[in-house]
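Undergrad:
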Amino acid sequence: MKYIINKYSSIFLILALVLFTNCQDDDSTFGAVIAPTNIQVTSEIVGQDSANPYGDGSGMVNFKATANNAINYTFAYNSNKKTSPIGEAEMSFSNLGVNSYDVVVTAFGTGGTSSSVIVTVEVLATYSPPAELLDKLVGDGSKTWRLKSEKAGHFGLGPVGGQIPTEWYAAGPNEKVGVGMYDDRFIFDADGTFTHITNNTNDDPNQDPTGTVFGRDGLVNQLGPGSGTLNGADVENFPYNDYSETWALIAPGGQETISLTGLGFISYYCGGSHNYQIFDRSVPNELLLKTTDGNGEFDWWFIITSLEEGEDDEDSFTSQYNNLVWEDDFDTNGAPDASKWTYDLGAGGWGNQELQTYTEEAENVIVEDGFLKITAKENGSSYSSARIKTEGLFDFTYGRVEVRAKLPASIGTWPAIWMLGADYETNIWPACGEVDIMEQTGQDKNVVLSTVHHPAVSPGAGDSSGISATTSTTEFHNYTLEWTPDELIFLIDDSVIHTVTNNSGLPFNNDFFLILNVAMGGTLGGTVDPAFVEDSMEVDYVRVYQ
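Numbering of the sequence shown is given in our numbering, commencing with residue 3 and proceeding in unit increments.
Written as structure tokens, this is what we have:
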């Protein structure tokens, strides 16, 4: 669903009794004490039009308030409260079906004076969270989350609407020690209570429970009076006690999102809507979250985990193959090692209507600075690239293959890490079998695929599974195959994404060889970006264990 701000806005001018509070004499501390007047509120139900009078089902409503002499505003219904000095708030209403909500909008003036109005909205919510996501967040009720401080890129920022993570800033492992961030813990209770423990190191209930938090200068003061250490645009160790708000899962624009009420936040206070988009939940016991700050200036991301550092993951994968039998770490600059790699050369579409010509030229394949780089290039009206293989040099049956790689980002590129049955010349494909440890379409650079091809499945489609991999083109990831007589298990960063049962009737009990390539266009590459010039797949290492 598209996120639509529609023209069917309703202006609510004092729909209920206007309450004026805290009328008092002028106080020289604040200057003239003047209560806000003439409150005007507009509400925009997301996706509302003549065919959808209650919105698009996301349950999202955007409010905007103005008043004379106002310096701050709050928007509240039940325990859901948003504070905004500019009078704008995005609020979520998650009760299924069409429901009516009374929202109290309060304008605050100097000296604590305030004026309020009540506005009523009718909103449709249709999203029902999947059971597996609820179980991942809540568990048996004792699950506790934290920022995964030991992981590179666990916290960062980039442009609003950009790729997450971006290269603007990503924290290194434990880079933010001592700022009031890493001892925070988060609990999502089944009853909808969100608990933020701000000082997890204090286990004695008789001691001072005050913790500290980390936040954005100019925004963290929304939490209340306090002081911390100003460091650039950040405020470190801002004193803040444990607190509870409510939480709900919503899906504005089809994006699964954790919505927190009030001033609830995760790891770093940056204001905003207090909604955290679940950008990636494919990794066991991890979530990649994204939110936009209250200034509308940056997107911030957070990798949180439900495991304490050093705690074993019960879902972690254990390989039965640990004897390294073949590897290339690409430590010698120049052409790929001729004792390990040979080439497929030429054009002709390679059976997939591909557009490139494969070469062995250095501009298309080279080892530099510890990495193999396979580069697809535009050459006038055509393209060149490279496809290297271990055929005749290293063929094997069964084992664990691990390849660490970063993929090209350009639309139309089709990178692949795969294996082909060594008897393909006499046992014509798909009878020889094909194992695609990793391949990525040319049109979606946020997903990677793992696939097998053999005569018992559709040769074109194969037996395939895809998974979100939003950093596949910006970061290196481990792409792994565990190949046994009983099954083929595909993993990304040690997390299982696809499993295929093996048996004696399939071709996956014979020798195969390794192939690395970047194709252009074709059946999986699709239309190439007209502005394409060149792009590379970089490989850190290839290892085989038996």
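Glycine included, each C-beta is placed from N, C-alpha and C at the ideal position. In this text, all values refer to a predicted model and were calculated from it rather than measured experimentally.
For T263, decide whether its Cβ has a neighbour in chain D, counting only Cβ atoms nearer than 8 Å.
TA: In the displayed structure, chain D is absent; only one protein chain is listed.
Undergrad: Looking only at its own chain, which residues have a Cβ that is under 6 Å from the Cβ of V60, when we skip the five neighbours before and after it?
TA: Note that residue 60 corresponds to Ser in the displayed sequence, not to Val. Taken in chain order, the residues that qualify are V48 and P254.
Undergrad: Among the residues of its own chain, which have a CB less than 7 Å from the CB of G111, if the five just before and after it don't count?
TA: I36, A37, P38, N71, A72 and I73
Undergrad: Measuring straight from C-alpha to C-alpha, what distance separates T146 and V179?
TA: 20 Å
Undergrad: Check the DSSP bridge columns for W485 and list the partner residues they point to.
TA: G401 and L490
Undergrad: N64 bridges to which residues according to DSSP?
TA: E46 and E92
Undergrad: Going by DSSP, which residues form a beta bridge with S538?
TA: T377
Undergrad: Give me the Cα-Cα distance between Y543 and V405, rounded to the nearest whole angstrom.
TA: 6 Å
Undergrad: Going by other Cβ atoms of all chains shown within 10 Å of its Cβ, with 16 needed for buried, is W170 buried or exposed?
TA: exposed
Undergrad: Quick check on the DSSP output: the beta strand (DSSP E) that includes E313 runs from which residue to which?
TA: Element bounds for E313: n/a, residue is neither H nor E.
Undergrad: State the DSSP-derived secondary structure class of K83, mapped to helix, strand or coil.
TA: strand
Undergrad: For V140, does the three-state DSSP call read helix, strand or coil?
TA: Helix.
Undergrad: Please state the DSSP three-state secondary structure of L290.
TA: strand
Undergrad: Using only alpha-carbon positions, find the residue among G164, L518 and F492 that is nearest to D301.
TA: Checking every option, the nearest Cα to that of D301 belongs to G164.
Undergrad: For D330, is the classification buried or exposed, using 16 other Cβ atoms within 10 angstroms of its Cβ as the cut-off for buried?
TA: That one is buried.
Undergrad: Taking the straight line between their C-alpha atoms, what separation do you get for R148 and F188?
TA: 6 Å
Undergrad: Grab me the residues of V546's own chain with a C-beta within less than 6 Å of its C-beta, minus the 5 sequence neighbours each way, in chain order.
TA: V327, W328, G401 and V403
Undergrad: What's the call for G114, buried or exposed, on a 16-neighbour Cβ count within 10 Å?
TA: That one is exposed.
Undergrad: When you compare each of V285, G350, T259 and G213 to Y278 by their alpha carbons, which one comes out closest?
TA: T259
Undergrad: Under the assumption that F240 contacts G228 (Cβ atoms under 8 Å), give the Cβ distance between them as a whole number of angstroms.
TA: 5 Å
Undergrad: Is W416 helix, strand or coil by DSSP?
TA: strand
Undergrad: Excluding the 5 residues flanking L136 on each side, which residues of the same chain have their C-beta closer than 6 Å to its C-beta?
TA: none
Undergrad: Going residue by residue through the region 177-201, where are the continuous beta strand (DSSP E) segments of at least 3 residues, counting only ones entirely within it?
TA: 187-190 and 195-199
Undergrad: Short of 7 Å in beta carbon distance, which residues of its chain neighbour T263, apart from the five on each side in sequence? Order them along the chain.
TA: S81, N82, K83, E247 and T248
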